[in-house]
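J.: Please read through the structure below; I'll follow up with questions.
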Amino acid sequence: MARVYNFSAGPAVLPEEVLSSAAAEMLDYQGTGMSVMEMSHRSAAFKGIIETAEQDIRDLMGIPDNYRVLFLQGGATQQFAAIPMNLMQNKVADYIVSGNWSKKAFKEAKLYGQANCVASSEDENFTYVPDVDGLAFSPDADYVYICQNETVYGTRYPKLPDTGNIPLVSDVSSMFLSEPMDVTKYGLIYGGVQKNVGPAGVVIVIVRDDLIREDVLPFTPTIMRYKTQADAGSLSNTPPCYGIYMCGKVFQWLKGLGGLEVMQRMNQEKAAILYDYLDQSKLFSGTAKKEFRSLMNVPFVTGSPDLDAKFIAEAKAAGIENIKGHRSVGGMRASIYNAMPKAGVEALVQFMDKFERENA
Ligand code: PMP
């Protein structure tokens, strides 16, 4: 068996322990005589899986009792619509646009009400996050929306906007469980899990009780109402059972490592190896401005599209996979999520160094 170092932005690398443990339970989950893929979502075994998963993510993130955790489908993209449908009682929301994911969410929200772009970093191709100090929000805004880590441009918020009494909504898809977060600072946190938390097919929404409302926009489909899913414990219809089971395994893996503080230190260490190399390299340079650099997604370029293509091809031959950058930035992107071992980042840097010497 030859596993590669997979730098994909998502779906992405999962911890080997988690994959092995799922493989061992594939044919017979804990004496049930069937795999988790085959069992009823109403069974006692699955009830145990989803309840344990919820408790574990609550423990990991310190989620207070007045927040609900929903395991949903439709990806993060469906939430671009579900958020305004559920939260836009005044039909006004403020968006900070710091990359293409917040831009897409902003565009979607305009279908449902008055979505305002209160700050944007598009003027410099999203290489930074707009300054949040002194931002004026609409007094009647139902929420303020951010994407806290922009996967494509490799930026993250160094600090959160102070939205006062207006609920802050954050897309954390590409930084989910990579570091501790103060959940009480948000009205709603959500993310697709296929980067840091599990396989594609599950989106987790952590939402404060008072934002789970009856008076949603009238056309909101029943299944997309947070109340429907909160009342049913995410089991209003058949949930993505196997994905939830895998997320649960990742939560247990994180707990076993010592939790999110430990994970954060490991992530900082890994990111430093790559950024330190980039900062002294004469060939490669990081595209995001330093103070906004993501710990998870690291875009970089050589400055020559031909050399970038050569690098990507040679990297692949050396067992470094999915390092090609997103088309809107070009070059390369190394996504170094929780499950990317330090050895993977070291192997990448070693390879970059060799490539640099050969192509100087
Ligand atoms: N938000 C962010 C920050 C993302 O990185 C992505 C996917 N790459 C999305 C939203 C969209 O997620 P999905 O494909 O699950 O709809």
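First residue of the sequence shown: 1, per full-length UniProt numbering; consecutive thereafter. All C-beta atoms, glycine included, are put in the ideal place defined by N, C-alpha and C. Only a predicted model underlies this, so the values are computations on that prediction, with no experimental measurement involved.
1. Could I get the ranges of all uninterrupted beta strand (DSSP E) runs contained in the stretch 122-202, with 3 residues as the minimum, in chain order?
2. Thinking C-beta only, is residue 5 closer than 8 Å to residue 321?
3. How would you label residue 71, buried or exposed, when you count the other beta carbons within 10 angstroms and need 16 or more for buried?
4. Does residue 234 pass the burial test, meaning 16 or more other C-beta atoms within 10 Å, or should it be called exposed?
5. What does residue 117 pair with, by DSSP beta-bridge criteria?
6. For the ligand PMP, is there any heavy atom lying closer than 7 Å to the beta carbon of residue 9?
7. Which of the three DSSP states, helix, strand or coil, is assigned to residue 334?
8. Go through the stretch 272-335 residue by residue and report every complete run of the alpha helix (DSSP H) that reaches 4 residues or more, in order.
9. If residue 109 sits next to residue 248, beta carbons under 8 Å apart, how far is it from one beta carbon to the other, in whole angstroms?
10. Restricting to runs no shorter than 4 residues, where is the alpha helix (DSSP H) found entirely within the stretch 11-40?
11. Which two residues bound the contiguous beta strand (DSSP E) that contains residue 68?
12. I need the straight-line Cα distance from residue 225 to residue 68, nearest angstrom please.
13. Tell me which same chain residues have a C-beta within less than 6 Å of the C-beta of residue 81, skipping the five on either side of it?
14. Name the two residues that bound the continuous alpha helix (DSSP H) containing residue 84.
15. Can you name the start and end residues of the alpha helix (DSSP H) that residue 102 belongs to?
16. Less than 6 Å between C-beta atoms, sequence neighbours within five positions excluded: which residues of the same chain meet that for residue 332?
17. At which residues does the alpha helix (DSSP H) containing residue 246 begin and terminate?
18. Would the C-beta of residue 75 count as close to the ligand PMP, meaning under 7 Å from any of its heavy atoms?
19. Report the residue from 210, 356, 158 whose alpha carbon sits nearest the alpha carbon of residue 280.
T.: The short version:
1. 144-147, 168-171, 188-192
2. yes
3. buried
4. buried
5. Residue 117 pairs with 95.
6. yes
7. strand
8. 305-317
9. About 32 Å; that fails the 8 Å criterion.
10. 16-24
11. 67-72
12. 13 Å
13. 108
14. 75-87
15. Boundaries of the alpha helix (DSSP H) harbouring residue 102: 100-109, taken from the DSSP string.
16. Around residue 332: 300, 323, 325.
17. For residue 246, the enclosing alpha helix (DSSP H) covers residues 241-257.
18. yes
19. 356
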